[in-house]
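Colleague:
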C-alpha cells in the first residue's frame, strides 16, 4: 500500500514538472520569436549610413612650397635647419656670389661711364655752361674710377666748348670788322652826299655866271669833273657796303653751319650713347636680379621641412629643391586615396566623417566634413604603384567647433568615411543574396 502511494506521488511530480517545462519552453520560444521579429523590424526600418571608407592624411591646401635655386651653383651658407619657422622673404640659403658680383660690378661701371658721357653730350647739345651729372653719379663719385671718368668728361666738355667758341669768336671778329667797315662806308657816303649837294648848288651859280661870261669855262668843267668823281666814289661806297653786308651774311651762315654741324655730331653721339645706356641698364637689371637670386628666400611664412642641403660648399643643380616650407597660415585639408572601382560612388559635395587617429579615440568624436574635390584622372602611388583617385575633403565649421583644443598638423593620419546614402540592416544583409540572384537570373 505504501509503495503504491509513493508511486502515485512520483507520477504527480513528473506531471507537474512536464507542465513547467512546456511552459518555460513556450516562454523561451516566445522570447526568441519576439526578439527575432523585433530584430527584423529594426533591420528593415532603422537607417544605417552607407558609404566608402578610406584612409587619408592632413595636408596643406596649397601644398608645400619648394625652395629652389634656378641657376644652380655652390652653397655659401645655410641659414635655417629642419623645423625652423621662417617668414616670407627671409633668406634661408646664400649661394656663392663671386661671379655674379663681378659681372654686376663690371656692368655697373660701364653703365655709370655711359651715363657720364650722356650727361656731357646733353650739356653740349643744350649749350650749358657746366655738365649736370645725374644724382646717381654724384653718389658714387668717391669711387676712384668713376671720379676719374667724371673729371675726364668735364675736361672733354671744356675743351670742345673752347674749340667751338674759338671758331665762332674768329668769325665774330670778322663780322665786327665788316660791320665797322660798313659803318665807315656809310659815313663816307653821307659826307659825300653832303659834298654833292653843296657842289650842285655851286655849279648852278657857276653855270649862270659862265653864260654871262663872268667865269671861265675851265672852272665850270673842273667843278663838273669833281661832281662826277664824287658820284663815282658814292657808287663805289654803295658797292662796298653791299659787298660787306654780303660777307657778313656769309660769315653768319658759316657760324650757323658750324653750330649745326656741331649739334648734329653731338646728337648722333648722344643717340648712340643713349642706346648704350638703355642696353647696359637692362643688362644691369638682369645682373642685379641674378645677384639678388643668390639670396634664396622663403616664398611663404611657415615651417622648414624636407631639407636636402646640409653642407656649405655643396654644389646644387639648376632647379634643385633644397628644402620645402609648409605654409603656416594656410588652411588644412584632408587627402585620401580612393580605390578606382569606387569612383562612381563619390563626388564633390558629399558629407564625410573624419576620425583623427593621432588623437585619443575616446576623447575625439567623429568630425563632420565635406568632399571638395575628386581628381579628374587616376593617379599612381609612388610607393606601391597602385592606381587611385585623389579625394580632398575639408572640415566643416561645425566640425571645427567640435575640436577647439585640438591642433591639426600636416601629415596626421585620418580615417575617412564618405557618406553616399542610407540603407537598412536588412538591405545590407540581403544585398549579397539579391546580387547573386540577379547574376544567376542573367546567366545563360
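Residue numbers (my numbering): 2 to 445. C-beta atoms are modelled at their ideal positions from N, C-alpha and C, and glycine is treated no differently.
Taking the alpha-carbon positions, what's the residue 416 to residue 67 distance?
Modeller: Approximately 28 Å, taken between the alpha carbons.
Colleague: Buried or exposed: which applies to residue 338, given that a residue is buried once 16 or more other Cβ atoms fall within 10 Å of its Cβ?
Modeller: The residue in question, residue 338, is buried, as its Cβ has 16 or more Cβ neighbours within 10 Å.
Colleague: Drop a sphere of 10 angstroms on the beta-carbon of residue 137, count the other beta-carbons inside from all chains shown, and report buried for 16 or more, exposed for fewer.
Modeller: Answer is exposed; the Cβ neighbour count stays below 16.
Colleague: How would you label residue 121, buried or exposed, when you count the other beta carbons within 10 angstroms and need 16 or more for buried?
Modeller: Buried, by the Cβ-count rule.
Colleague: For residue 140, which residues in the same chain have their Cβ closer than 8 Å to its Cβ, ignoring the five residues on either side in sequence?
Modeller: So no residue of the chain qualifies.
Colleague: If you measure between the beta carbons of residue 298 and residue 73, is that distance less than 9 Å?
Modeller: Result no, Cβ atoms of residue 298 and residue 73 do not sit closer than 9 Å.
Colleague: Output the distance between the C-alpha atoms of residue 129 and residue 159, rounded to the nearest integer angstrom.
Modeller: Near 11 Å, if we compare the C-alpha coordinates of residue 159 and residue 129.
Colleague: Output yes or no for whether 9 Å exceeds the beta carbon distance between residue 87 and residue 396.
Modeller: Their beta carbons are not under 9 Å apart, which means residue 87 does not touch residue 396 by this criterion.
Colleague: Taking the alpha-carbon positions, what's the residue 385 to residue 313 distance?
Modeller: Residue 385 and residue 313: Cα-Cα distance of roughly 35 Å.
Colleague: Ordered along the chain, which non-local residues of its own chain (more than five positions away) have a Cβ less than 7 Å from that of residue 134?
Modeller: Cβ neighbours of residue 134 beyond the five flanking positions: 117, 120 and 151.
Colleague: From the DSSP secondary-structure annotation, give me the bridge partner or partners of residue 254.
Modeller: Partner(s): none; residue 254 has no beta bridge.
Colleague: Based on the DSSP secondary-structure assignment, which residues constitute the bridge partners of residue 337?
Modeller: Answer by DSSP bridge pairing, in chain order: 57 and 392.
Colleague: Let's test the definition: count the other Cβ atoms within 10 Å of the Cβ of residue 125 and tell me whether it reaches 16, buried, or not, exposed.
Modeller: Its Cβ being crowded by 16 or more others within 10 Å, residue 125 is buried.
Colleague: Taking the beta carbon of residue 154 as the centre, do at least 16 other beta carbons fall within 10 Å, making it buried, or is it exposed?
Modeller: That one is buried.
Colleague: For the beta strand (DSSP E) that residue 138 lies in, which residues bound it at each end?
Modeller: First-last for residue 138: 136-140, but that is the alpha helix (DSSP H), not the beta strand (DSSP E).
Colleague: The alpha helix (DSSP H) spanning residue 102 covers which residue range?
Modeller: From DSSP, the alpha helix (DSSP H) with residue 102 extends over 99-126.
Colleague: Check the C-beta distance from residue 349 over to residue 61 and give it rounded, since I have them as a contact under 8 Å.
Modeller: Not really, about 19 Å apart at Cβ, beyond 8 Å.
Colleague: Look at residue 296 and residue 65 and say whether their C-beta atoms are less than 9 Å apart.
Modeller: Against a cut-off of 9 Å, the Cβ pair of residue 65 and residue 296 comes out as no contact.
Colleague: Pick from 307, 97, 32 and 85: whose alpha carbon is nearest that of residue 315?
Modeller: The shortest C-alpha separation from residue 315 is found at 97.
Colleague: Taking Cβ positions, are residue 259 and residue 179 nearer each other than 9 Å?
Modeller: In this structure, residue 179 does not lie closer than 9 Å to residue 259 by Cβ.
Colleague: Tell me whether residue 408 sits in a helix, a strand or coil according to DSSP, three-state version.
Modeller: It is coil, neither helix nor strand.
Colleague: Relative to the alpha-carbon of residue 228, which residue among 390, 200, 246 and 421 has its alpha-carbon at the smallest distance?
Modeller: Among 390, 200, 246 and 421, the Cα nearest to that of residue 228 is on 200.
Colleague: Is the beta carbon of residue 58 sitting closer than 9 Å to the one on residue 307?
Modeller: No. Outside cutoff.
Colleague: Output yes if chain B places a C-beta closer than 9 Å to the C-beta of residue 405; else output no.
Modeller: In the displayed structure, chain B is absent; only one protein chain is listed.
Colleague: Please classify residue 240: does DSSP put it in a helix, a strand, or coil?
Modeller: Helix, per DSSP.
Colleague: What residues in its chain sit with their C-beta under 6 Å from that of residue 196, if we drop five residues either side in the sequence?
Modeller: Hits under 6 Å: 231.
Colleague: DSSP has residue 70 in a bridge; who is on the other side?
Modeller: Bridge partners of residue 70: 321.
Colleague: For residue 79, list the residues DSSP reports as bridge partners.
Modeller: For residue 79, which the question treats as bridged, DSSP gives the partners 94.
Colleague: For the segment 100-110 against the segment 240-250, do three or more pairs of beta-carbon atoms, one drawn from each stretch, fall closer than 8 Å, so that the two count as touching?
Modeller: The segment 100-110, when compared against the segment 240-250, does not touch it at the 8 Å Cβ threshold.
Colleague: On the DSSP bridge assignment, give the partners of residue 368 in chain order.
Modeller: DSSP, once it has assigned bridges, lists 355 as partnering residue 368.
Colleague: Where does residue 443 land, buried or exposed, given buried means 16+ other C-beta within 10 angstroms?
Modeller: For residue 443, the pLDDT reaches just 49, beneath the cut-off of 50, and the residue's location in the model is therefore unreliable, although a value from the coordinates is still provided. Its Cβ having fewer than 16 others within 10 Å, residue 443 is exposed.
Colleague: Give the single residue among 251, 237 and 131 whose Cα lies nearest to the Cα of residue 161.
Modeller: When each option's Cα is compared against that of residue 161, the closest is 131.
Colleague: Kindly indicate the opening and closing residues of the alpha helix (DSSP H) around residue 350.
Modeller: Note, residue 350: premise wrong, no alpha helix (DSSP H); not H, not E.
Colleague: Assign residue 448 to one of two classes, buried (16 or more other C-beta atoms within 10 Å of its C-beta) or exposed (fewer than that).
Modeller: Outside the displayed range of the chain (2 to 445) lies residue 448, so it cannot be described from this structure.
Colleague: Using three-state DSSP, classify residue 456 as helix, strand or coil.
Modeller: In the structure as shown, the chain starts at 2 and stops at 445, and residue 456 therefore has no counterpart that could be examined.
Colleague: Along the chain, which unbroken stretches of the beta strand (DSSP E) at least 3 residues long are found entirely within the segment 261-334?
Modeller: Segments of the beta strand (DSSP E) lying fully in the segment 261-334: 296-298, 303-306 and 321-328.
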